[in-house]
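Counted the way UniProt numbering counts, the sequence shown spans residues 1 to 289. Glycine included, each C-beta is placed from N, C-alpha and C at the ideal position. Only a predicted model underlies this, so the values are computations on that prediction, with no experimental measurement involved. To keep things clear, I will list the structure first and then write my remarks on it.
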Amino acid sequence: MKIKKNNKSLLKSPKGSPSKKKKSNDVNSNKDVKQKGISKKKNKIRKNSKNKKTTNNEVTLHQTEKTQNKINESEVHNNINKNKIRELLKQKKKGTSNPTNNSETLRERIISQLRASRFRFLNDTLYNNDSSESRKMFKEDPSAFKAYHKGYQYQVEQWSLNPLDVIINAVKKMPKEYVIADFGCGEGRLADSVKQKVHSLDLVAVNDKIIACDMAHTPLLTNGINAVVFCLSLMGTNLVDYILEANRVLKMDGTLKIAEISSRFDDVNEFVNLLMSYGFKNTWTDIDH
Numbered sequence: 001m002k003i004k005k006n007n008k009s010l011l012k013s014p015k016g017s018p019s020k021k022k023k024s025n026d027v028n029s030n031k032d033v034k035q036k037g038i039s040k041k042k043n044k045i046r047k048n049s050k051n052k053k054t055t056n057n058e059v060t061l062h063q064t065e066k067t068q069n070k071i072n073e074s075e076v077h078n079n080i081n082k083n084k085i086r087e088l089l090k091q092k093k094k095g096t097s098n099p100t101n102n103s104e105t106l107r108e109r110i111i112s113q114l115r116a117s118r119f120r121f122l123n124d125t126l127y128n129n130d131s132s133e134s135r136k137m138f139k140e141d142p143s144a145f146k147a148y149h150k151g152y153q154y155q156v157e158q159w160s161l162n163p164l165d166v167i168i169n170a171v172k173k174m175p176k177e178y179v180i181a182d183f184g185c186g187e188g189r190l191a192d193s194v195k196q197k198v199h200s201l202d203l204v205a206v207n208d209k210i211i212a213c214d215m216a217h218t219p220l221l222t223n224g225i226n227a228v229v230f231c232l233s234l235m236g237t238n239l240v241d242y243i244l245e246a247n248r249v250l251k252m253d254g255t256l257k258i259a260e261i262s263s264r265f266d267d268v269n270e271f272v273n274l275l276m277s278y279g280f281k282n283t284w285t286d287i288d289h
């Protein structure tokens with residue numbers, strides 16, 4: 001409504017040119033306003049576009065940084081994985097650098113366990129059978145006797161004191177003309193260690209110096225021996241036969257030396273009394289070892 005009133009008043013004005021000029025001026029001013037508005041809009045658009053470009057650039061930069069970070073992280077992970085792989089390979093090489101030795105060690109352990117098991121079996125067999133049965137077993141299987149003595153040697157090596165060394169030292173103090181009988185001599189080390197004559201006796205002869213026989217029935221002459229030795233050899237269910245055979249071959253006032261594990265007997269004193277009942281006299285007993 002207000003706009004129409006202004007237009008009618010402009011047409012009734014007697015002055016034509018001024019009104020036209022004013023109109024044209026108004027039009028021009030409107031144009032200027034429009035142009036200014038347009039220019040302002042353009043400026044805003046430009047600013048916005050600049051801002052957008054800047055923002056885009058910033059986003060792009062951030063994205064580039066993120067991408068770079070991802071690349072760096074992947075490189076680090078790759079390096080870590082490579083280092084781990086290298087370490088694992090080194091460890092594997094160390095573990096398998098000498099597979100022959102490893103396999104030999106395992107093989108030796110298995111063999112050692114088998115030997116120990118067989119030794120225990122043979123040891124139990126000797127303790128729970130009389131000497132004639134044990135001799136028959138070893139005669140039929142000579143390798144069993146060797147296996148037993150290998151296990152025996154290993155067992156003795158674990159001890160702080162070897163009983164045979166005690167016997168050897170005792171025999172060395174005896175007169176050189178003495179004749180010694182070693183019952184259950186094993187490999188005959190006593191005979192190799194002293195100057196006296198030694199009859200080495202065992203169930204199986206591992207060399208030419210040893211006489212293979214049953215300790216309950218030896219080929220030795222009666223009353224011909226000065227000292228009889230039992231070193232860890234009182235085995236079997238017929239121990240009394242061993243003692244009687246030792247008594248037979250010994251001279252009057254001869255010496256019987258026994259080195260045995262004390263746990264072998266329920267009562268050591270009772271065993272000593274048993275020996276005395278078969279004509280022996282106890283002169284020395286050492287159970288400290």
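| Query | Result |
| --- | --- |
| Quick one: does the C-beta of Lys136 sit closer than 7 angstroms to a heavy atom of the ligand MG? | For the structure depicted, the ligand MG is absent and the ligand set is empty, with no information on it obtainable. |
| With Thr222 and Glu245 assumed to form a contact (beta carbons below 8 angstroms), what rounded beta-carbon distance in angstroms separates them? | With 8 angstroms as the limit, Thr222 and Glu245 do not qualify as a contact, their Cβ atoms being about 10 angstroms apart. |
| In angstroms with no decimal places, state the Cα-to-Cα distance between Gln196 and Ile180. | 7 angstroms |
| Any idea what DSSP makes of Thr255, helix, strand or coil? | strand |
| How long is the line joining the alpha carbons of Ile287 and Asn207, rounded to whole angstroms? | 33 angstroms |
| Taking DSSP as the reference, what is the three-state secondary structure of Asp182? | strand |
| Would you identify the three-state DSSP class for Ala216, choosing helix, strand or coil? | coil |
| Would you call Asp182 buried or exposed, if buried means 16 or more other Cβ atoms sit within 10 Å of its Cβ? | buried |
| For Leu250, write down the residues that DSSP places opposite it in a beta bridge. | Ile225 |
| In whole angstroms, what separates the C-alpha of His149 from that of Arg86? | 50 angstroms |
| So is Asp130 in contact with chain B if we call contact Cβ pairs under 8 angstroms? | Of the protein chains in the structure, only one exists, and it is not chain B. |
| Tell me whether Ile168 sits in a helix, a strand or coil according to DSSP, three-state version. | helix |
| Check for me: the beta strand (DSSP E) holding Leu161 runs from which residue to which? | Unbroken run through Leu161: none, as it is neither H nor E. |
| Quick check: the segment 184-193 against the segment 128-146, are at least 3 beta-carbon pairs closer than 8 angstroms? | no |
| Buried or exposed for Gly254, going by 16 or more other Cβ atoms inside 10 Å? | buried |
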